[in-house]
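Scroll down for the structure; my scribbles are underneath it.
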Amino acid sequence: MDIKAKLDLIEKGTLEMINTEELEEKLKKEKAVAYTGYEPSGKIHLGHTITVMKLKQMQDLGFKIKILLADYHAYLNGKGTIEEIEETAKYNEKCFKALGLSDDTDFVLGSTFQTKPEYTDEVYKLATLTTIVRAKRSMDQVSRHSEHPKVANVIYPLMQVADMSSLEVDVALGGMEQRKIQVLARENLPKIDKEAPVCIHTPLLHGLDGDEKMSSSKGNFIAIDDEESEIKTKINKSFCPMKEIEGNPIIEIATHFVFPNQAKLLIERPEKFGGNLELSEKELIETYSSGELHPMDLKNAIATFLIDYLAKVRDYMTNN
RNA sequence: CCCGCCUUAGCUCAAUUUGGCAGAGCGUUGGACUGUAGAUCCAAAUGUUGCUGGUUCAAGUCCGGCAGGCGGGACCA
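FYI, this note's numbering numbers position 277 of the first sequence as 281, with every residue one higher than the one before it.
Here you go:
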């Protein structure tokens, strides 16, 4: 596959790449490193899965994949004691493997390197380069909002920037909520004589309740190891306004999971409502916006799809 | 180190001057209405009132101690 084709593949489904020219250079490298950091989370859900799938795709294209299990970051973000978080990290590692990343994937626990002298030295250097306002702003979409924000909130982004240098990352992949931290890295790493990675941002999934963001703290997600019945119930309870595409979580699941995976979505429908349909992405959008496709039929189709799509994951989770 | 204020349901907060059955909104759950969800309407559930000792027939409320949070002051050779 030529480089142009690889670039197109990587760009597919992303919101932005900063920037494409640099990524092209990275693609000429032998084993360029792509990384994503995740705060250990009680459940790995479809939102996480968007980035994991992108990592998997890049792995297939020859990238070395490093996943940071960001235990200290979670700790700084008030997600629990470091012991609890490390338990969760183990579970998350299993989830990521279940999603199909190969054995060549490096899983790195943050605390294994984030206290080393070279690392803290870089954090301190970054601390002298970053204003408090800038650091706080970079955390707007990432940190828990507290009436009593902690110093931890401004250490967090500095560490994330230092991670990229310590893990020798060529490409940093993350959801759009990471953008401000990533840009901070692009800006400040060169100032401490480190190379800034290419930054790639993927879209955020709306919560099943229609909330801005699917998030484990809000319970508005499909977890990758949810039971079949749970998937059905959750999809059925989901926000899904008739004819509306924008901000519709069920349509988003179709866009981000069905169609990258298969050309058509089978909609099983009783005869009295028009009988079965097989729709391409474009057709789905048209049919749904026109009102010809009822939300309930779409929901049933999506639930069926997800149950099948996540079957391998459930198997892996129970057998490993 | 000193002083003041705060801590009540998952969340935001009520519970007056003067101690008298711990409440509301939001959220959650369930029903009604929709061939989904939401919106709307109806209904329900939920408490170690931060912890602890005391006063009292009776304490969220008064007194003491402790913890956590917030603000201020002091110290600055």
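Here a beta-carbon is modelled for each residue, glycine too, at the ideal position from N, C-alpha and C.
Query                                                                                                                   : Result
Whether L50 touches M218 by CB criterion (8 angstroms)                                                                  : yes
Bridge-paired residues (DSSP) for V202                                                                                  : V175
Cα-Cα separation between P194 and Y123, rounded to whole angstroms                                                      : 16 angstroms
Complete alpha helix (DSSP H) runs within the stretch 33 to 103 (minimum length 4 residues, chain order)                : 50 to 64, 75 to 80 and 86 to 102
Three-state secondary structure (DSSP) of F261                                                                          : helix
Per DSSP, cross-strand counterpart(s) of A227                                                                           : H49
D319 - DSSP class collapsed to helix/strand/coil                                                                        : helix
Of the residues G17, L19, M21 and K33, the one placed nearest I7, counting alpha carbons only                           : K33
Close beta carbons around G214, own chain, < 7 angstroms, minus the five adjacent residues each side                    : F243, G251 and P253
Span separating the alpha-carbon of T116 from that of F277                                                              : 58 angstroms
Straight-line Cα distance separating E296 from R141                                                                     : 44 angstroms
Spatial neighbours of Q118 in its chain, beta-carbon cut-off 6 angstroms, leaving aside the 5 residues before and after : Y76
Local conformation of D110 per DSSP, three classes                                                                      : strand
Nearest-angstrom Cα separation, counted from I48 out to A1                                                              : Any question about residue 1 goes unanswered here, given that the chain covers just 5 to 324.
Minimum C-alpha distance to G114 - residue among D167, A176, M5 and P264                                                : D167
Three-way DSSP call (helix, strand, coil) for L283 in this model                                                        : strand
Endpoints, alpha helix (DSSP H) assigned at E122                                                                        : P121 to L133
Beta-carbon proximity check, L209 vs I54, cutoff 8 angstroms                                                            : yes
Cα-Cα separation, V146 to L302                                                                                          : 32 angstroms
Reduced DSSP category for M163 - H, G, I as helix; E, B as strand; rest coil                                            : helix
Counted within 10 angstroms of its Cβ, other Cβ atoms place S45 as buried (16 or more) or exposed                       : buried
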